[in-house]
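These notes are about the structure you will find just below.
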Amino acid sequence: MIKKVRKAVFPAAGLGTRFLPATKASPKEMLPIVDKPMIQYAVEEAEACNIKEFIVITGKSKRAIEDHFDHAFELEHTLKRKGKEAILKEIQRLSKHQFAYIRQGAPLGLGHAILCSKAFVNDEPFAVILSDDIIDPDDNLLGEMIKISNKYQATVLALQRIPKSEIHRYGVIAGKEIDKNIYKISDMVEKPKASDAPSDLAIIGRYILTPDIFNILEKTLPGKGGEIQLTDALKTQLKRKPVYGYLFEGRRYDGGDKVGYLKATVELALKNPSLKDEFREYLESVMKRSNNG
Ligand code: G1P
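The numbering of the sequence shown is my numbering, which starts it at 12 and goes up by one.
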């Protein structure tokens, strides 16, 4: 019987060192892009796929995430009194789902973070969303991945072609295209040197995982950087059963990188109905100014 993807895991225990000092006292996942924190985009992506349970793996100073997705009685009361119905509705929508928070305890890597969700996910396929990989909300990447996972009853990873100069920042796969944009993966390696990378197909932060990954993670030894790597566990999984990749051709921004974060901000502001005209005009004036001098 096909089990539906009903749960999503959001690893959010990283220290966000690339964004210090902004991330000294508040989590990287709460950095706003236009008017929403990064993790909210990730949650909305899962919401759009009918996922109803959200499991956030947190670390130090992550209280802000919990508060963000909780009821805010005073705020809601004030918004109601002032007649600000639209924003009130949006605020209330954030707290309607079921959220679970698990502390990772020690920064032992992405694989370990996911292993922390074992008791909450149990025996069903689930999504993993890395919220600093920002996917354009108009693209249905996760939805496509769920379809592929249902069809093959297997793990599916999101892939993107990445230039050689950046490939060392990703997990990289080797595989064969078996259908349009669908790859059967034969090997993978975490953050290889450009010269050792098996292809230019990098894993980006969206996964549909089958639950046998937990038992594999339990036995996975620390790898790259001394951390328990999800990529290593997936490599073990593919020796036992097929694992697939879906080549995503839409827009993704690396919100963990300052320039990627700025790009996401500009692009999403240009899509925002109440900002786009004024903001476009402003950007054009900035370009003119820099061209003139
Ligand atoms: C993680 C994964 C890596 C993947 C990347 C996507 O790395 O370990 O395989 O390519 O996410 O963003 P991180 O960026 O957390 O170091």
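No residue lacks a Cβ here, since even glycine has one placed at the ideal position from N, Cα and C.
- Runs of the beta strand (DSSP E) lying entirely within the region 103-178 and spanning at least 3 residues, in chain order: 109-114, 137-140, 144-146 and 166-172.
- DSSP places PHE290 inside the alpha helix (DSSP H), whose first and last residues are 287-303.
- Between the region 162-178 and the region 201-219 there are three or more C-beta pairs closer than 8 Å, enough to call the two in contact.
- Fewer than three beta-carbon pairs drawn from the region 50-59 and the region 156-172 are found closer than 8 Å, and the two stretches are therefore not classed as touching.
- PHE80 sits in coil when the DSSP states are folded into three classes, being neither helix nor strand.
- DSSP places ILE215 in the uninterrupted beta strand (DSSP E) bounded by 212-220.
- With respect to the C-alpha of LEU281, the residue from ASP147, LEU152 and GLU188 having the closest C-alpha is ASP147.
- For ASN192, the closest alpha carbon among the candidates HIS123, GLN171, ARG180 and PRO209 is that of GLN171.
- According to DSSP, residue pairing for VAL254 in a beta bridge involves THR166.
- Between the region 94-113 and the region 182-197 there are fewer than three inter-stretch CB-CB distances shorter than 8 Å, so the stretches are not counted as touching.
- Under DSSP, THR69 shares a beta bridge with ALA23 and ARG114.
- With fewer than three CB-CB distances shorter than 8 Å, the region 227-238 does not count as touching the region 211-219.
- In summary, MET298 is exposed, with fewer than 16 beta-carbon neighbours lying within 10 Å of its beta-carbon over all protein chains present.
- The C-alpha of GLY120 is placed about 15 Å away from the C-alpha of ILE140.
- Judged by beta-carbon spacing, ILE219 lies beyond the 8 Å limit of GLN248, meaning their Cβ atoms are not closer than that value.
- DSSP places VAL183 inside the beta strand (DSSP E), whose first and last residues are 182-190.
- The alpha-carbon of VAL277 is positioned some 9 Å away from that of PHE290.
- Under the DSSP assignment, ILE193 falls in the beta strand (DSSP E) whose first and last residues are 193-201.
- Beta bridge pairing from DSSP links LYS47 with ILE44.
- Setting aside the 5 residues that flank it on each side, ALA23 is surrounded in the same chain by PRO38, GLU40, ILE50, VAL67, ILE68, THR69, LYS73, ILE76 and SER142, each with a C-beta closer than 7 Å to its C-beta; the list follows chain order.
- In the structure shown, GLU64 falls within a strand segment according to DSSP collapsed to helix, strand and coil.
- If you draw a straight line from the Cα of LYS195 to the Cα of PRO253, it comes to about 7 Å.
- When distances are taken from the beta-carbon of ILE215 to the heavy atoms of the ligand G1P, the shortest one is below 7 Å.
- Cβ contact annotation for ALA165 (same chain, cutoff 7 Å, sequence separation greater than five): THR221, LYS252, PRO253, VAL254 and TYR255, in chain order.
- Residue pairing from DSSP places LYS18 in a beta bridge opposite GLU64.
- Leaving aside the five residues that flank SER197 on each side, the residues in its chain whose CB is nearer than 6 Å to its CB run, in chain order, ALA185 and GLY186.
- The DSSP-derived three-state label of ASP265 is strand.
- Shortest Cα-Cα distance from ILE215 to any of HIS79, ASN226, THR242 and ASP149 involves THR242.
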